[in-house]
Amino acid sequence: MSLPTLDENRFQNSRALLERARRSLTGGVSSPFRAKFPVPLYFREGRGSRLIDEDGNEYIDYTLAWGPAILGHCHPRMVEAMTARAPGPFIYGAQHRAEIDVAEKIQAAVPCAERVAFTSSGSEAVQLALRLARAYTGRTLVLKFEGHYHGWLDSVLLSHHPEAGQVGPSEEPRVVPESRGQVANAADNVAVLTWNDSTAVERLLSRRPGEIAAVIMEPVLCNSGCILPAEGYLESVAASARKHGALLVFDEIITGFRMGLSGAQGHYGVVPDLATFGKAVAGGLPLSVVAGRREIMEQMGQGVSFGGTFNGNPVSLCAAAAVLEELARDEGAALKRANRLGKELMAGISALAQARGVSWLATGFGAALALHFTERTQLREYRDTLEDDRGKLSLFARLALEEGIYFLPDGRFYVSAAHTEQDVDATLAALGRALDRLESA
Ligand code: PLP
Numbered sequence: 145m146s147l148p149t150l151d152e153n154r155f156q157n158s159r160a161l162l163e164r165a166r167r168s169l170t171g172g173v174s175s176p177f178r179a180k181f182p183v184p185l186y187f188r189e190g191r192g193s194r195l196i197d198e199d200g201n202e203y204i205d206y207t208l209a210w211g212p213a214i215l216g217h218c219h220p221r222m223v224e225a226m227t228a229r230a231p232g233p234f235i236y237g238a239q240h241r242a243e244i245d246v247a248e249k250i251q252a253a254v255p256c257a258e259r260v261a262f263t264s265s266g267s268e269a270v271q272l273a274l275r276l277a278r279a280y281t282g283r284t285l286v287l288k289f290e291g292h293y294h295g296w297l298d299s300v301l302l303s304h305h306p307e308a309g310q311v312g313p314s315e316e317p318r319v320v321p322e323s324r325g326q327v328a329n330a331a332d333n334v335a336v337l338t339w340n341d342s343t344a345v346e347r348l349l350s351r352r353p354g355e356i357a358a359v360i361m362e363p364v365l366c367n368s369g370c371i372l373p374a375e376g377y378l379e380s381v382a383a384s385a386r387k388h389g390a391l392l393v394f395d396e397i398i399t400g401f402r403m404g405l406s407g408a409q410g411h412y413g414v415v416p417d418l419a420t421f422g423k424a425v426a427g428g429l430p431l432s433v434v435a436g437r438r439e440i441m442e443q444m445g446q447g448v449s450f451g452g453t454f455n456g457n458p459v460s461l462c463a464a465a466a467v468l469e470e471l472a473r474d475e476g477a478a479l480k481r482a483n484r485l486g487k488e489l490m491a492g493i494s495a496l497a498q499a500r501g502v503s504w505l506a507t508g509f510g511a512a513l514a515l516h517f518t519e520r521t522q523l524r525e526y527r528d529t530l531e532d533d534r535g536k537l538s539l540f541a542r543l544a545l546e547e548g549i550y551f552l553p554d555g556r557f558y559v560s561a562a563h564t565e566q567d568v569d570a571t572l573a574a575l576g577r578a579l580d581r582l583e584s585a
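Just so we're aligned, residue 145 is where the sequence shown starts under the working numbering, counting upward by one.
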């Protein structure tokens with residue numbers, strides 16, 4: 145395939161800033177994942193569903209900062225809440241009313257949330273959930289699934305995106321560490337299975353009786369292509385976990401307050417023992433949440449150690465209160481709309497492919513979806529995505545940027561409460577142009 149002509153002048157200010165950044169900021173970016181964009185952009189403004197970069201290019205934003213900006217950028221209710229909070233104080237390191245207010249809101253919305261705890265990042269929330277599970281069961285081993293991401297820390301950065309040559313047999317996947325410098329024995333405490341196969345879960349739990357403290361998963365596999373759970377899968381895993389005395393942990397850091405106000409657990413009607421939330425919960429301010437059954441959660445301070453200088457940060461909680469109020473308004477109209485628009489986008493994307501005879505697939509649930517250049521018509525688990533043509537996706541993402549559409553480098557699109565029907569129409573037209581340029585090269 146010859147390459148389409150790219151407009152190299154379009155991003156020159158971003159490129160110059162990245163060059164400058166590399167001389168002080170390691171790698172030039174604040175998270176190495178961000179360097180994976182076909183062009184790492186510098187932004188100067190954002191409002192609603194739009195972002196403007198340092199070259200003055202305007203985009204319809206489907207990254208939403210990797211998820212948090214669920215109300216879009218500068219939502220008036222968020223601006224009002226932050227302005228009211230601006231005189232401070234910004235932190236107490238002690239108790240304040242907003243903690244109770246937000247904990248009560250989460251308790252009311254999330255089925256498993258008999259009790260709630262606040263942390264600052266998703267990675268941290270997962271660590272707390274797993275510690276609670278290990279303390280409660282007196283067991284060590286955690287079962288996770290290939291392709292699922294639970295943060296960057298040593299204990300869970302395993303088999304997140306292993307390469308085809310690393311995964312091992314699908315009946316017995318290898319536990320694959322992802323980072324140099326990661327302690328090697330992290331892998332000793334984790335078992336890995338391929339996802340969406342409930343028989344494999346039951347088999348492993350039976351084979352290792354009394355060993356597995358927790359089964360942790362993203363209830364929708366958002367971090368490897370937005371793959372939905374097979375019919376009955378979540379119910380079966382919950383039943384197996386219960387039967388064998390392991391706790392079920394849903395990592396809802398993406399699905400939480402994106403699928404709906406009750407998360408994936410409310411959507412699918414499967415209530416885990418513990419769940420983690422982050423990203424969208426405070427609309428862009430750092431806040432994460434562990435929620436779960438009372439007797440598991442109340443081990444904190446009773447032998448289960450847990451801390452954090454920024455836990456319960458008043459500014460973040462003020463933002464979370466505003467987000468949760470907005471999302472609850474009119475019986476959850478905002479997320480229903482975002483999910484409906486996302487589904488329209490998925491249908492439109494499929495139609496674009498059909499019209500042009502291109503092999504690509506849109507997967508997801510609406511407010512989170514992903515594009516795959518693949519011959520497959522269905523994706524069931526991470527290994528299926530290894531056949532995606534990632535080079536083509538990256539080139540397509542680059543062309544889409546030129547057409548004013550900004551999505552995540554792995555093909556994910558997040559839809560917010562600020563996106564409109566007009567955005568969807570404009571996006572489909574732009575993606576069609578990008579696809580024509582890709583295919584005509
Ligand atoms: N869990 C899931 C499902 C995530 O998607 C992420 C981040 O993308 C994390 C955990 C880690 O969250 P954070 O980046 O806030 O540490």
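Idealized CB from N, CA, C, for every residue including glycine.
Where ILE235 sits in the DSSP three-state scheme
coil
Quick one: any contact between the region 151 to 165 and the region 506 to 520, if contact means 3 or more CB pairs under 8 Å?
no
Terminal residues of the continuous beta strand (DSSP E) containing PHE421?
418 to 421
If you draw a straight line from the alpha carbon of GLY266 to that of ILE397, how long is it in whole angstroms?
The C-alpha of ILE397 is placed about 7 Å away from the C-alpha of GLY266.
Taking the Cβ atom as the reference point for each residue, do VAL393 and LEU418 lie within a distance shorter than 8 Å?
A contact, by the Cβ cut-off of 8 Å.
Do the CB positions of GLU248 and SER432 come within less than 8 Å of each other?
no
Taking contact to mean 3 or more Cβ pairs, one atom from each stretch, closer than 8 Å, check whether the region 532 to 547 and the region 503 to 517 are in contact.
The region 532 to 547, when compared against the region 503 to 517, does touch it at the 8 Å Cβ threshold.
Just to confirm the assignment: which complete alpha helix (DSSP H) runs, minimum length 4, are found wholly within the region 395 to 438?
407 to 412
Exposure of THR263, with buried meaning 16 or more beta-carbon neighbours within 10 Å:
buried
Candidates SER503, LYS387, ARG500, LEU513: closest to LEU489 by CA position:
LEU513
Could you spell out where the alpha helix (DSSP H) holding LEU505 opens and where it closes?
Looking at the DSSP string, LEU505 is not in any alpha helix (DSSP H); the run it does join, the beta strand (DSSP E), is 504 to 508.
Straight-line Cα distance separating LYS480 from ARG524
When rounded, the distance between both Cα atoms is 25 Å.
Measure the alpha-carbon distance for PHE540 versus PHE421 and round it to whole angstroms.
For the pair PHE540 and PHE421, the Cα-to-Cα distance works out to about 31 Å.
Could you tell me if ALA477 is buried or exposed, where buried requires 16 or more neighbouring beta carbons within 10 angstroms of its beta carbon?
exposed
Length of the line joining the Cα atoms of GLY548 and VAL568:
12 Å
Taking only heavy atoms of the ligand PLP into account, decide whether any of them is closer than 7 Å to the Cβ of ASP395.
yes
Distance cut-off 7 Å: GLU362 Cβ against heavy atoms of the ligand PLP:
yes
Report whether the distance from the Cβ of GLY190 to the nearest heavy atom of the ligand PLP is below 7 Å.
no
Between THR338, ALA435, GLY192, GLY190, which lies nearest to ARG259 when the distance is taken from Cα to Cα?
ALA435
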